[in-house]
Amino acid sequence: MTSAAPSRIAVIGAGIVGLTAALELRRSGHEVVLLEPEEAGGRQAASYGNGCWLNPGAIFPISLPGLWRDVPGFLLDPTGPFVIRWRDLPGIVPWLVRFVLAGRNWSLVERCATARFALCRTAVDEHAALAAQAGVPELLRRQGLMFVYRDRAEFLVEERVWRMREAFGVAFSEIGEDELRRIQPQLGPGYRFGARIDDGAQVFDPGAYCRALLHLAIARGVGHVATRATGFVREGARLRAVRTAQGDIACDKAVIAAGIGSARLAREAGDAVPLISERGYHVVVPNPGFDVPTGLMPSDGKMAVVSTAQGLRVAGQVELAAVETAPDWRRAEILLGYAKRMFPALAPRIEAGTVDRWMGHRPSTPDGLPCIGPSSASPDIFHCFGHAHTGLIQAPSSARLLAALVDGRTPPFDPAPYAARRFGR
Ligand SMILES: Cc1cc2nc3c(=O)[nH]c(=O)nc-3n(C[C@H](O)[C@H](O)[C@H](O)COP(=O)(O)OP(=O)(O)OC[C@H]3O[C@@H](n4cnc5c(N)ncnc54)[C@H](O)[C@@H]3O)c2cc1C
12 MTSAAPSRIA
22 VIGAGIVGLT
32 AALELRRSGH
42 EVVLLEPEEA
52 GGRQAASYGN
62 GCWLNPGAIF
72 PISLPGLWRD
82 VPGFLLDPTG
92 PFVIRWRDLP
102 GIVPWLVRFV
112 LAGRNWSLVE
122 RCATARFALC
132 RTAVDEHAAL
142 AAQAGVPELL
152 RRQGLMFVYR
162 DRAEFLVEER
172 VWRMREAFGV
182 AFSEIGEDEL
192 RRIQPQLGPG
202 YRFGARIDDG
212 AQVFDPGAYC
222 RALLHLAIAR
232 GVGHVATRAT
242 GFVREGARLR
252 AVRTAQGDIA
262 CDKAVIAAGI
272 GSARLAREAG
282 DAVPLISERG
292 YHVVVPNPGF
302 DVPTGLMPSD
312 GKMAVVSTAQ
322 GLRVAGQVEL
332 AAVETAPDWR
342 RAEILLGYAK
352 RMFPALAPRI
362 EAGTVDRWMG
372 HRPSTPDGLP
382 CIGPSSASPD
392 IFHCFGHAHT
402 GLIQAPSSAR
412 LLAALVDGRT
422 PPFDPAPYAA
432 RRFGR
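Position one of the sequence shown corresponds to residue 12 (this note's numbering), numbered consecutively onward.
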C-alpha cells in the first residue's frame, strides 16, 4: 500500500511498460486508469512483435567502444543487421553522435550495465509471478537462452562482455558442438558453439501476455479508456487532467508510457528527450516442423529465434528511420534468409503466402537507458519509457521503481541514471 494518500493516476499507453506500471501502481493502492487507443499489446506496439527474450544478461548498451569503426561497414552492407535510411539521416545524426559517445569507453559501459542490470536482475521471476497471477503461466518458458557462434574462437572475440556478465552474477554455460546438436538438432553446420544464459526465459506469445495483463489489471480495478492522450492540463506545476482525443480525463498524476509516442508528451512535461525509433522487424513461419526449446541468437544475424504460439519467430534488425517512413520489407526477407541458413530444413516447410511480417518501433534513447521518474515541468507527471531493445524484460522492475518514486518511498535501486534531466531540458 502507498505511504502517501492514494492518487488518481492516468497511465498513458498499454504496451508491456504501461501495463506493468498500471498493475504496480494499483498494488500500491492508487486509483488507476489506462489510456490506450489501440488493442493492449496489439500490432502497433513493440510489445507485440519483439523477440520474446527475457535475458537477465541484457546489461550492455548497443553502443560499445569501437562501434564507430564498424558503422561504415554496417552502412555499406545492405544485408547486415544495422541500416540507416539515408533520406532520414539528417534527423538522426544528433542522436547517432550521442549514441556513439555514450559507449566511447568501458567505464561508461560499466556504469550503464550497472543501471541496466538493476532492471533485469529479478525480472524473470517477476514475469513468472505476473504470468501466474494473470492465469497464463504457460506463456513463460524458462529453458535458458543461447547465443550461437561459428566456433569457440568467435565466442572468444566477445569474451570481455561474457566475463562482465559473469561478474554481475549472470550464470552462463559454454555449450560444445555435440551438446548444441542435442539441444537443437536442426541447426546448420555453420554453428558449432553456444553460450547459454542459464536463467534466461522467453514469453511464448507477447501479444497474448499483454492482453492477459490487461484483463488482470481490469479485474483488480484498473480503468481502461480507449483514447489517445494529446497533452496535459496543469495549474502551475500541478496536474489536473490528461487531455485526450475524447476530452479531458481528470487525474492528480500521470505516467507517460507510450513507447515511441512518448517523446512529444515528455516535451510537454518539460523534458526534451532524444528518443528515436530503432525500427525492428519480425517474420513468423507457421508450422516450421520443429521446436526451439532454448531461444537462440546467431552471431551473424543477431536476431532472436524463438518458438511462439504462432510458429517460429525471427525478430531483429536495427533500421534507423523516421517513425512515419514506410516499412522496408526487404529487412524481413533478410531475417528469413538468415533463418533458412540457420535451419536448412526450414525452407521446404515454408508455404507461399503464410509467413507473417511485422515492423515495429523500439523507443530508444542514445545512452541505452530508459527514462523513469518525475518530469521537469511537474512533480505529478512521471516518465516510464525509452526501453529500446529490452523493454519486455525491463518492464516489471521499471514499474517497481516508478511506483516507489510516485509514492515517495525508498526506491528499490538508485533512480539517478534514469532521470530524463540527464539529457538537459
Ligand atoms: C524487433 C524487436 C525485437 C525486440 N526484442 C526484444 C526482446 O527479445 N526482449 C526484450 O526485452 N525487448 C525486446 N524488444 C523491445 C521491446 O519490445 C520494447 O522495448 C517494449 O515493448 C516497449 O514497450 P512499451 O510499452 O514502452 O511500448 P509499446 O509496446 O510500443 O507500447 C506503447 C503503447 O502506447 C500506445 N500509445 C502511443 N501513443 C499514445 C498516446 N498518445 N496515448 C495513449 N496511448 C499511446 C501505443 O498504442 C502502444 O500500445 C524488441 C523490440 C523490437 C522492435
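Built from N, CA and C at the ideal position, the CB exists for glycine as well. In this text, all values refer to a predicted model and were calculated from it rather than measured experimentally.
Rounded separation between residue i and residue j - CA only
i	j	result
Arg222	Ala51	6 angstroms
Glu185	Met308	14 angstroms
Phe179	Phe128	8 angstroms
Trp79	Ala283	25 angstroms
Ser389	Leu75	34 angstroms
Phe354	Leu198	5 angstroms
Pro359	Glu289	32 angstroms
Ala265	Ala274	15 angstroms
Glu362	Asp210	35 angstroms
Thr238	Ala16	27 angstroms
Thr31	Ala410	6 angstroms
Ile267	Val303	36 angstroms
Ala21	Gly84	45 angstroms
Gly232	Leu286	32 angstroms
Trp64	Pro338	23 angstroms
Leu357	Gly322	12 angstroms
Cys131	Trp173	16 angstroms
Ile229	His235	7 angstroms
Thr133	Leu412	13 angstroms
Residue i and residue j closer than 8 angstroms at C-beta
i	j	result
Pro407	Glu170	no
Ala212	Val108	no
Gly62	Ala315	yes
Leu380	Ser58	no
Ile70	Ala113	no
Pro72	Val120	yes
Ala126	Tyr349	no
Ile392	Ala280	yes
Ser386	His398	no
Ile208	Leu156	yes
Val295	Arg342	no
Gly201	Phe158	no
Lys351	Pro92	no
Gly272	Gly77	no
Trp340	Gly60	no
Ala219	Leu276	no
Ala140	Phe215	no
Ala256	Val244	no
Leu46	Ile260	yes
Phe438	Gly68	The structure shown has nothing for residue 438, since the chain only spans 12 to 436.
Thr336	Arg54	no
beta-carbon residue i near ligand 1 non-hydrogen atom, thresh 7 angstroms
i	result
Ser386	no
Val28	yes
Thr401	yes
Gly291	yes
Asp229	In the sequence on display, residue 229 carries Ile and not Asp. No - ligand 1 has no heavy atom lying nearer than 7 angstroms to the Cβ of Ile229.
His398	yes
Glu437	As shown, the chain starts at 12 and ends at 436. That puts residue 437 outside it, with no answer to give.
Cys63	yes
Arg239	yes
Arg341	no
Ile404	yes
Gln55	yes
Arg373	yes
Ile271	yes
Ile345	no
Leu46	yes
Gly211	no
Ile383	no
Ala268	yes
Gly242	no
Ile23	yes
Gly155	no
Ser408	no
Ser389	no
Paired residues, beta bridge with residue i - DSSP
i	result
Met308	Phe158
Asp216	DSSP output for Asp216 lists no bridge partner at all.
Ala261	Ala252
Thr133	Note: Thr133 sits in no beta bridge, so no partner.
Arg127	For Arg127, which the question treats as bridged, DSSP gives no partner whatsoever.
Thr241	None, per the DSSP bridge assignment.
Glu289	Leu331, Arg373
Ser58	Beta-bridge pairing links Ser58 to no other residue.
Arg324	Val295, Val317
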